[in-house]
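Novice:
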Amino acid sequence: MFTKDLEMCLMAAQSEAIDRRHEYLCVEHILYALLHNDAGLNVIRSCGGDSNLIKQDLEDFFSQQEEVNENKLPRQTKAVQRVLHLAIMHVNSSGKASADVGDVLVAIHRESRSYASYFLQKQDISRLDLLNYISHGIAKVSAEEEKGDSYDFEVGEDELGKQSRSEQNPLEIYTQNLTRQAEEKRIDPLIGRENEINRTMQILCRRRKNNPIYVGDPGVGKTAVAEGLALQIFNGNIPEMLEGAEIFALDIGALLAGTKFRGDFEQRLKAVLKALENRPGSILFIDEIHTIVGAGATSGGSMDVSNLLKPALSKGEIRCIGSTTFDEYKKIFEKDRALSRRFQKIDIHEPTLSETIKILKGLKSRYEKHHQLRYTSGSLKIAAELSEKYINERYLPDKAIDVIDEAGSMVRLRSGTKRKTVGVPDIEKVVASMARVPIERMNSTDKDKLRDLEKELKMQVFGQDEAIGILVQSIKRSRAGLHHPEHPIGSFLFTGPTGVGKTELAKQLAFIMGISFERFDMSEYMEKHTVSRLIGAPPGYVGFDQGGLLTDAVRKNPHCVILLDEIEK
């Protein structure tokens with residue numbers, strides 16, 4: 001039921017009683033032995049106690065005890081038996097396999113009629129402090145530390161001491177060191193984004209409100225910019241004011257996990273902030289920073305992560321980098337004016353097609369090493385082009401990187417082939433499966449489609465040659481560049497009796513062009529108020545923050561044929 005480390009402490013306590021010729025083995029002997037153990041020393045220090053003062057108090061206590069001349073083993077007091085029994089009960093209730101040093105310290109603290117418990121309380125060590133540390137690794141932030149004293153990270157050197165080191169340092173538990181990941185070559189290189197990196201450095205070097213926030217669509221590379229900054233810090237390509245800086249990515253999930261009691265979460269975050277303040281040059285990175293608004297708040301309370309961060313952010317005590325999307329920034333983050341004013345907004349826009357191709361070429365070696373194959377230059381170019389055209393609701397370069405990654409996985413897993421090269425056909429096959437577009441449509445160019453468009457439409461819809469000719473002529477004129485780039489390629493009103501092929505012509509046009517087809521039966525929108533179902537509710541009405549059926553369909557499939565059927569109704 002006891003760990004080897006605890007057994008050695010109990011044996012040391014008995015030896016101490018024998019050496020001092022004491023008749024009884026007391027709780028004070030056990031505490032004295034625990035103070036000479038690295039794990040026990042770490043617990044006492046983490047709870048704000050001074051081990052040297054406790055040892056001095058114990059020495060004074062031992063000097064007042066009578067010595068016996070008989071050479072016999074000291075007998076255990078009932079207090080020692082109660083302490084060991086309480087430690088075993090604590091282990092059983094917590095579901096652990098065996099009792100360790102921390103469990104015995106908690107039991108000693110509960111033995112309130114002993115001098116050992118009095119000496120612990122004299123150092124302002126509470127039972128809750130002990131439980132917080134041994135259960136969650138939360139170190140106590142004392143009043144002296146709040147005034148600016150150094151944060152204690154001293155630990156033992158044995159195996160248990162190494163384990164305690166990760167529990168003692170809150171940065172090891174609740175953050176990830178991006179600079180260390182860059183040193184270990186676990187971060188992909190950053191291609192481009194020079195303006196964003198330079199603006200970030202300018203903001204970080206400010207005296208106050210030196211907190212940049214990256215705002216951009218999902219997948220445009222907000223986190224990659226922060227990782228690229230960590231890579232530049234490791235490589236030394238930074239101004240003198242940022243030399244020696246480290247970037248720590250905050251893990252909100254780890255910060256919240258296991259916080260059973262009120263105050264646990266706040267104490268963890270305060271420990272992280274205190275560790276950052278006492279580590280010169282440290283930079284906190286919070287991905288999806290809108291999640292800190294309301295995180296950790298109890299029902300009816302306003303104390304959350306954002307309110308705990310505000311004082312440190314405004315004074316410039318710590319530097320923080322955040323990232324979020326345009327929607328979350330507008331709906332959540334910007335509503336907290338006191339928090340948003342402490343951050344300097346940096347827009348991260350979607351890269352162009354040429355920039356995406358450069359990014360793919362820069363990441364090419366990483367994916368070749370992972371998949372153990374080679375990408376042709378044409379495959380990278382076609383991956384960027386096809387992903388931009390056919391994969392909607394996602395942004396470059398994320399969707400293009402996903403395409404080359406999945407293409408490499410497909411070629412490597414393909415059975416019965418020894419080919420180790422990813423070519424254009426492989427990219428087309430992957431995009432066709434991801435975008436649910438027939439691969440035949442992808443293999444042919446737009447010129448081929450336009451050249452045969454009129455012939456194929458006439459083969460599918462009979463007796464409407466004149467209407468098909470006007471329709472195809474308008475599409476060709478638009479594709480030649482003779483149209484407004486922000487207007488639809490063409491808007492047509494098909495009139496005629498029922499059953500002559502109006503709806504079928506629109507369906508066949510979408511199928512032959514290889515684009516999406518969206519049909520809306522306008523007979524469902526005869527009432528005036530039902531127009532909100534199509535284009536969304538106006539400001540001030542229910543559902544204003546939600547899109548309409550038509551707007552959502554166009555946002556999902558920008559390249560599509562929209563048919564407003566039965567429009568006369």
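For the sequence shown, the numbering used here assigns the number 1 to the initial residue and increments by one for each residue that follows.
Every residue gets a Cβ at the ideal spot worked out from N, C-alpha and C, and that includes glycine.
All of these numbers come straight from a predicted model, not from anything done at the bench.
(1) Does the beta-carbon of Asn392, which I'm using as the reference point, lie nearer than 7 Å to any heavy atom of the ligand NAP?
(2) Does the segment 25-40 come close enough to the segment 122-133 to have 3 or more Cβ pairs within less than 8 Å?
(3) Taking DSSP as the reference, what is the three-state secondary structure of Gly102?
(4) For Thr495, count neighbouring Cβ atoms within 10 angstroms of its own Cβ and tell me buried if that reaches 16, exposed if not.
(5) Please report the residue range of the alpha helix (DSSP H) in which Val91 lies.
(6) Out of Ser478, Gly48, Ile197, His529, which one is the CA nearest neighbour of Ala271?
(7) At what residues does the beta strand (DSSP E) containing Ser306 begin and finish?
(8) Who are the Cβ neighbours of Arg20 in its own chain at under 8 Å, not counting the five residues just before and after it?
(9) Entirely within the segment 473-533 and at least 3 residues each: give me those beta strand (DSSP E) ranges in chain order.
(10) Enumerate in chain order the residues of its own chain whose CB-to-CB distance from Ala87 is below 6 Å, with the five nearest sequence positions on each side excluded.
(11) Comparing alpha-carbon positions, which option in Leu534, Phe544, Gly543 lies nearest Val554?
(12) Using 8 Å as the threshold, is the C-beta distance between Ser114 and Ala79 below it?
(13) For Ile321 and Gly258, what's the separation of their Cα atoms in angstroms?
(14) With Cys47 as the anchor, note down where its alpha helix (DSSP H) starts and where it stops.
(15) Report the three-state DSSP secondary structure of Leu204 (helix, strand or coil).
(16) Under a three-way DSSP split, which group does Pro212 fall into?
(17) DSSP three-state call for Ile125: helix, strand or coil?
(18) Three or more C-beta pairs under 8 Å: does that hold for the segment 341-357 against the segment 190-203?
(19) Determine the burial state of Val43: buried for a count of at least 16 other Cβ atoms within 10 Å of its Cβ, exposed for fewer.
(20) Check the C-beta distance from Leu571 over to Leu457 and give it rounded, since I have them as a contact under 8 Å.
(21) On a CA-only basis, which of Ser387, Thr179, Arg75, Phe343 is nearest Ile401? Give me that one, please.
(22) Compare the beta carbon distance of Leu73 and Glu28 with 8 Å and say whether it is the shorter of the two.
(23) Do Leu250 and Thr179 come within 8 Å of each other at the CB atom, strictly closer than that value?
(24) Where does the unbroken beta strand (DSSP E) through Gln464 begin, and where does it stop?
(25) For Thr325 and Asp217, which I take to be in contact (beta-carbon distance under 8 Å), what is that distance rounded to the nearest angstrom?
Specialist: So, to answer that:
(1) By its list of ligands, the structure shown contains no ligand whatsoever, and the ligand NAP lies outside what it can speak to.
(2) no
(3) helix
(4) exposed
(5) 78-94
(6) Closest option to Ala271, Cα to Cα, is Gly48.
(7) Ser306 -> not in any beta strand (DSSP E); alpha helix (DSSP H) instead, spanning 305-315.
(8) Phe62, Gln65, Glu67
(9) Within the segment 473-533, the complete beta strand (DSSP E) segments of 3 residues or longer fall at 516-521, listed in chain order.
(10) Ala99, Asp103, Val104, Ala107
(11) Leu534
(12) yes
(13) Taking the Cα positions, Ile321 is about 26 Å away from Gly258.
(14) Where Cys47 is concerned, there is no enclosing alpha helix (DSSP H), given that its DSSP letter is neither H nor E.
(15) helix
(16) strand
(17) coil
(18) Between the segment 341-357 and the segment 190-203, the count of C-beta pairs closer than 8 Å reaches three or more; the two stretches touch.
(19) buried
(20) Examination of residue 571 is not possible in this model, given that the chain is present from 1 through 569 alone.
(21) Ser387
(22) The Cβ atoms of Leu73 and Glu28 lie no closer than 8 Å to each other.
(23) no
(24) Membership of Gln464 in any beta strand (DSSP E) is not indicated, and neither H nor E is assigned to it by DSSP.
(25) The pair is a contact, with the Cβ atoms about 6 Å apart (cut-off 8 Å).
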